[in-house]
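Taking it in order: structure first as structure tokens, then the write-up.
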Amino acid sequence: MDEAKVVINLKEGVIELQGPVDFVQRYMDAYQLVAKGPEGVTVTPKEAEASLKEELAMKAAKKRASYKTAIRDALEEGFFDKPRSPRDVKQKFEEAGVNFTDSGVRAILRRLSLAGVLKTVKEGGAVRYQKIA
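Residue numbering for the sequence shown follows my numbering, beginning at 139 and increasing consecutively.
So, in structure tokens, the structure goes:
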């Protein structure tokens, strides 16, 4: 995994970031507001960080909404009328633009099963999930 390191010196307020490139880039984008700020506007590091946290929270909320929408749509269109494997469900999510890890998909399916929305069906050694009729 690629790592990055950056040192920002806001008049000796020194900020050091080190970690995965995506992590460093997110903070660089936020602190770039401090360095360049629109003309006549002063953005403090705290304001830049608050803005970044707000952006990340909005992205997380969008992901949650997308996952819920993808499940609801799959249930409504009859996707779970026949037993589906976690791999089938992951592919369905990806088609809807929602990406989860394999373990994330399995966790979602387990929760839906515990909530009584889906039932587990064992086919050979595999577990599949189907809508409760």
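For every residue, glycine included, the Cβ atom is placed at its ideal position computed from N, Cα and C.
Identity of the residues DSSP links to residue i by a beta bridge
i, result
"Ala-142", "Gly-157"
"Leu-252", "Answer is none; Leu-252 lacks a bridge partner."
"Lys-260", "Val-265"
Inter-residue Cα distance where the pair is residue i and residue j
i, j, result
"Val-159", "Met-166", "10 Å"
"Gly-216", "Ala-168", "43 Å"
"Arg-225", "Gly-263", "15 Å"
"Lys-269", "Gly-235", "22 Å"
"Gly-145", "Glu-154", "The sequence given here has Val at residue 145, not Gly. The alpha-carbon atoms of Val-145 and Glu-154 are separated by roughly 4 Å."
"Ser-241", "Leu-252", "16 Å"
"Ala-198", "Glu-261", "35 Å"
"Ala-271", "Ala-142", "52 Å"
"Lys-206", "Gln-156", "34 Å"
"Phe-238", "Leu-250", "16 Å"
"Glu-214", "Ala-245", "21 Å"
"Ala-195", "Val-243", "21 Å"
Range covered by the beta strand (DSSP E) that runs through residue i
i, result
"Ala-264", "264-269"
Whole-number beta carbon distance between residue j and residue i, since they are thought to touch under 8 Å
i, j, result
"Tyr-267", "Arg-222", "6 Å"
"Ala-212", "Lys-230", "6 Å"
First through last residue of the alpha helix (DSSP H) which encompasses residue i
i, result
"Glu-233", "224-233"
Nearest neighbour of residue i, chosen from the options [CA to CA]
i, options, result
"Ser-189", "Thr-207, Leu-213, Arg-164, Ala-245", "Arg-164"
"Asp-219", "Ile-246, Arg-244, Val-259", "Val-259"
"Ala-208", "Leu-247, Glu-193, Lys-191, Glu-192", "Leu-247"
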